[in-house]
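Trainee: One structure is given below, represented as structure tokens, and several questions about it will come after.
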């Protein structure tokens, strides 16, 4: 397991390194001054510009410049936005907080509802509910998220008024932003109307979470159902019956844990897909996350922000995938044998 | 007194080519503590028979029998839940490829512990847990595994097939069954491991008066301690009787053919044909009428288109119109 972990971590670091190379080279391919693209300092006669050029070894070779770039990146000095002139790293962190809140909640909802529904469908195979679940699952899966989001806003926000149309919280609630994740921000602040603010935040949160969760939910449901059907046909389930174990016990101790194996493996991939949907959803719901931040930066040619957004999303996806793979290999040990013939 | 009494068991399957009698009027009796060997080539319905006894029945199979009694239970009269209660308590089964019958993602110890009947444990939670552990270890000791702790801590994929089979046997005897059905338990195992498993089964049978129904493909893999043997061909019982008698003085042409095919201590001259029956095992859709061995039998005559009745000479039963042994005139 140690060797497997090391391999994964090395792969993770290597991919990150390639990513920094790519981002670094982008600065030279973008139109304009590479240093301005990197730091967001437009005035080339200013003191700040001179300082940045010194820090990033502009004047030296390209290798030295890359070294300076890495150094500043690690130190959290990601420059400032070309448009707002605000520090990119700090803005990015709060945006990441908001995105994480939305995506993790959506993933949780998808898993909590998707897996049990899939298991139920498998047990009731070809029953009425199986058909209903799989049918709605397929149709929900086929709806693109930008359209689904707008439909949901139209129905739940405009017609029914069950949810606000957009944003994280009513601007009347003046909650200080620390992490960007609104629920955590409210909880840790000593804001006067905590309860009311929390309620309002949840009121804002549920619709984007639901929209975002639909796609992974239906996918997980289908994967779980197939995995469960596969497990149920295995010899060891029949043998467990032959040994006289109760049906409930077989389900809880043998079929469900084993059917979760391919599901866990899929979680990482589903998270990657969720991330691309996240960008769309954030833009539509005007959610102050990395996705809408990134899209705005693309519109405005805000290169430092663009790089930061790319780096954050890519790192997040990589990290989640590696974490899921490590968990998978730790929980299901025979996987390690299949991969590297080691224990 | 037989504890398992099967008379004229017929299993019919619905296939695309109509209803096929896969098992045709098969009779089988097993006495308490007896090791009974059931020999049948592939397609003989021997595994179906085991499933029918245990009650793993596909709803599309049609199972009829004059008698299917286990001790004092009429298994065909019980509903599935009751039946499972009875068979789950009294019977156990081990299979070929034992590794695939163990949950790949939980440790051997966990799977063994959950099989210890809860009724036999005493005390409160922690005490029961410890009790479970010691009982599980004792089970492994009983099947001849010495390093029980390390085996319990490993996953099934880490065990060799022989070890996995021993673990399966330990699991099977966890609730002290009265009948153990072993479906080709030593296929694809080394002779040494095979001998170990046989010895283990024989010992368990003797020490706990557990009956064993041993299902094999050919006459070379018979437990030496086997008391009775039944030969099945295409779902029909060919011959049954005490193992020694059947193997030394076969009454049925099929038994004779199987014996000559097994090449016990024989040598064949180079480049001569080995003794086999002509033809091949018929497919389910093309089963012959009458005695199903008919088309392949060297002694077949016109009478063989009618299914022969089971005749009995002393302990030996056979279903053949023209048996090999000299039969007393009462036939």
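Residue numbers (the UniProt record's numbering), protein chains in the order written: chain A, 1 to 343; chain B, 1 to 331. Each residue gets a CB set at the ideal place from its N, CA and C atoms; glycine is no exception. As the structure is a computational prediction, the values presented were derived from the model and not from experiment.
If you check the beta carbons only, do residue 39 of chain B and residue 231 of chain B fall under 8 Å apart?
Mentor: Cβ distance < 8 Å, so residue 39 of chain B and residue 231 of chain B count as in contact.
Trainee: Please list the terminal residues of the continuous alpha helix (DSSP H) segment that includes residue 280 of chain A.
Mentor: 256 to 284
Trainee: Of all the options A:331, A:311, A:337, which has the alpha carbon lying nearest to the alpha carbon of residue 22 of chain A?
Mentor: A:311
Trainee: Below 7 Å, is the gap between the Cβ of residue 192 of chain A and the nearest heavy atom of the ligand FMN?
Mentor: With respect to the ligand FMN, the structure shown offers nothing to examine, as it has no ligands at all.
Trainee: Apart from the five residues on each side of it in sequence, which residues of its chain come closer than 7 Å, Cβ to Cβ, to residue 89 of chain B?
Mentor: 175
Trainee: Using a Cβ cut-off of 8 Å (strictly closer), state whether residue 179 of chain B contacts chain C.
Mentor: Chain labels in this structure do not include chain C; the protein chains are A and B.
Trainee: Among B:94, B:153, B:29, whose alpha-carbon lies nearest the alpha-carbon of residue 333 of chain A?
Mentor: B:153
Trainee: For residue 167 of chain A, which residues of its own chain have a beta-carbon under 6 Å away from its beta-carbon, when the five flanking residues on both sides are left out?
Mentor: Taken in chain order, the residues that qualify are 286.
Trainee: By the 9 Å beta-carbon criterion, what residues does the segment 227 to 242 of chain A contribute toward chain B?
Mentor: Taking 9 Å as the Cβ-Cβ cut-off against chain B, the residues of the segment 227 to 242 of chain A that qualify are 234, 235, 236, 237, 238, 239, 240, 241, 242.
Trainee: With a cut-off of 8 Å, do at least 3 Cβ pairs link the segment 214 to 227 of chain A to the segment 127 to 144 of chain A?
Mentor: Short answer: they touch.
Trainee: Buried or exposed: residue 111 of chain A, going by 16 or more other Cβ atoms within 10 Å of its Cβ?
Mentor: buried
Trainee: Determine the burial state of residue 286 of chain B: buried for a count of at least 16 other Cβ atoms within 10 Å of its Cβ, exposed for fewer.
Mentor: exposed
Trainee: Which word fits residue 39 of chain A, buried or exposed, when buried means at least 16 other C-beta atoms lie within 10 angstroms of its C-beta?
Mentor: buried
Trainee: What do you reckon, are the CB atoms on residue 30 of chain B and residue 47 of chain B nearer than 8 Å?
Mentor: Not in contact: residue 30 of chain B and residue 47 of chain B (Cβ atoms no closer than 8 Å).
Trainee: If you compare alpha carbons, which of B:262, B:277, B:99, B:234 is closest to residue 253 of chain B?
Mentor: B:277
Trainee: Between A:89, A:263, A:233, which has its C-alpha nearest residue 250 of chain A's C-alpha?
Mentor: A:233
Trainee: Give the secondary structure of residue 394 of chain B by DSSP, where H, G and I count as helix, E and B as strand, and everything else as coil.
Mentor: What the structure shows of chain B is the stretch from 1 to 331, and residue 394 of chain B is not part of that stretch, so it cannot be assessed.
Trainee: What does residue 92 of chain B touch in chain A if you count any residue whose Cβ is under 9 Å from its own?
Mentor: 242, 243, 244
Trainee: Going along the chain, which residues of its own chain have a beta-carbon closer than 6 Å to the beta-carbon of residue 236 of chain B, five neighbours each way excluded?
Mentor: 24, 292
Trainee: By the three-class DSSP mapping on this structure, what secondary structure does residue 281 of chain B have?
Mentor: The answer is coil: DSSP assigns residue 281 of chain B none of H, G, I, E or B.
Trainee: Beta-carbon separation of residue 201 of chain B and residue 223 of chain B under 8 Å?
Mentor: yes
Trainee: Alpha carbon to alpha carbon, how far is residue 241 of chain A from residue 121 of chain B?
Mentor: Computed Cα separation, rounded: 22 Å.
Trainee: Counting along the chain, where does the alpha helix (DSSP H) carrying residue 4 of chain B start and finish?
Mentor: First-last for residue 4 of chain B: 2 to 15, but that is the beta strand (DSSP E), not the alpha helix (DSSP H).
Trainee: Taking residue 18 of chain B as the reference, which of B:157, B:34, B:60, B:156 has the closest Cα?
Mentor: B:60
Trainee: Taking only runs of the alpha helix (DSSP H) that begin and end inside the segment 66 to 107 of chain A, which ones reach a length of at least 4 residues, in chain order?
Mentor: Listed in chain order, there is nothing to give.
Trainee: Under 7 Å Cβ-Cβ, which residues of chain A neighbour residue 88 of chain B?
Mentor: 244
Trainee: For residue 27 of chain B, which of helix, strand or coil comes out of DSSP?
Mentor: strand
Trainee: Just reading off the beta strand (DSSP E) that residue 69 of chain B is part of, what are its end residues?
Mentor: Per DSSP, the unbroken beta strand (DSSP E) holding residue 69 of chain B starts and ends at 67 to 70.
Trainee: What are the partner residues of residue 20 of chain B, as DSSP defines its beta bridges?
Mentor: Beta-bridge pairing by DSSP links residue 20 of chain B to B:13.
Trainee: Which residues does DSSP pair with residue 60 of chain A in a beta bridge?
Mentor: A:58
Trainee: Using 8 Å as the threshold, is the C-beta distance between residue 417 of chain B and residue 156 of chain B below it?
Mentor: With chain B covering only 1 through 331, there is no way to say anything about residue 417 of chain B.
Trainee: Drop a sphere of 10 angstroms on the beta-carbon of residue 29 of chain A, count the other beta-carbons inside from all chains shown, and report buried for 16 or more, exposed for fewer.
Mentor: exposed
Trainee: Can you name the residues of chain A whose CB is closer than 9 Å to the CB of residue 171 of chain B?
Mentor: 239, 243
Trainee: Any beta-carbon of chain B closer than 8 Å to the one on residue 120 of chain A?
Mentor: It does not; no Cβ of chain B falls within 8 Å.
Trainee: Which word fits residue 192 of chain A, buried or exposed, when buried means at least 16 other C-beta atoms lie within 10 angstroms of its C-beta?
Mentor: exposed
Trainee: Using the Cβ count rule (16 or more neighbours within 10 Å means buried), how would you classify residue 315 of chain B?
Mentor: exposed
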